[in-house]
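For reference, the structure discussed in these notes is given below.
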Amino acid sequence: MEARWSARTTVGRMRAPETIVCVDCGGTCHLLAHPETEFDPGDPVAYRCADCVDRWDLVMPDDEDDGQGDEAPRAV
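Note that full-length UniProt numbering numbers the sequence shown so that position 47 is 47, with each residue one more than the last.
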């Protein structure tokens with residue numbers, strides 16, 4: 001019988017930062033989940049800005065995420 005799920009590499013769960021800086025207004029965005037909630041890489045995490053009330057939905061990074069985004073490397 002064929003498996004109906006894909007195997008995932010086991011990685012450690014992590015906590016999201018309780019606050020981030022709002023990209024729109026520079027205010028403080030607060031985590032909407034309980035601060036002790038642990039997330040897996042790829043999980044969505046929601047924040048709400050206390051100043052402009054914008055909502056930000058971010059994705060928890062993988063262990064291999066270098067913070068450079070998905071752009072191709074630039075030639076030097």
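All residues carry an ideal CB built from backbone N, CA and C; glycine is no exception. Nothing here was measured: the structure is a model prediction, and the numbers come from that model.
Following the continuous beta strand (DSSP E) through residue i, name the residue where it begins and the one where it ends.
i	result
residue 32	Run containing residue 32: none; DSSP gives neither H nor E here.
residue 21	19 to 21
In angstroms, rounded to a whole number, what distance separates the CA positions of residue i and residue j?
i	j	result
residue 61	residue 50	24 Å
residue 48	residue 18	11 Å
residue 32	residue 46	6 Å
residue 52	residue 25	7 Å
residue 34	residue 20	15 Å
CB residue i to CB residue j, shorter than 8 Å?
i	j	result
residue 41	residue 57	no
residue 38	residue 14	yes
Looking only at DSSP bridge pairs, what is residue i linked to?
i	result
residue 48	30 and 55
residue 15	38
Considering only heavy atoms of the ligand HEM, does any lie closer than 7 Å to the CB of residue i?
i	result
residue 58	With respect to the ligand HEM, the structure offers nothing, as it holds no ligand at all.
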